[in-house]
Amino acid sequence: MLLLQLGIILGPFAGSVTAEILYGKEIKRAICVGFGSLVGVLGGTVFKLVA
């Protein structure tokens with residue numbers, strides 16, 4: 064059960080970082096985009112729980 068929750072949280076981060084690297088972006092930029100997607104997923108989850 065823990066792996067499922069971990070995958071839901073880290074999946075968007077890993078996917079966006081991988082996609083950015085495949086498209087030729089720098090690793091630093093790819094990690095920044097990954098954190099942005101992570102913040103978006105967590106923010107959306109919190110918003111759904113509150114609303």
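The opening position of the sequence shown corresponds to residue 64 in this note's numbering, with each subsequent residue numbered one higher.
Every residue gets a Cβ at the ideal spot worked out from N, C-alpha and C, and that includes glycine.
Other residues of its chain near residue i: CB distance less than 8 Å, five sequence neighbours each side excluded
| i | result |
| --- | --- |
| Q119 | Shown here, the chain extends from 64 to 114; a query on residue 119 therefore has no answer. |
Distance cut-off 6 Å: residue i Cβ against heavy atoms of the ligand ZN
| i | result |
| --- | --- |
| G87 | Because no ligand of any kind appears in the structure shown, any question about the ligand ZN cannot be addressed here. |
Residue from the options whose Cα sits closest to the Cα of residue i
| i | options | result |
| --- | --- | --- |
| V96 | L65, E83, I71 and K111 | E83 |
| T108 | I94, L65, I72 and L66 | I72 |
| G74 | L112, K111, L105 and K91 | L105 |
Residue i, enclosing alpha helix (DSSP H) - first and last residue
| i | result |
| --- | --- |
| G103 | I90 to V113 |
| G78 | L65 to L85 |
**Item:** Contact the segment 74-81 vs the segment 96-109: 3+ CB pairs below 8 Å
**Value:** yes
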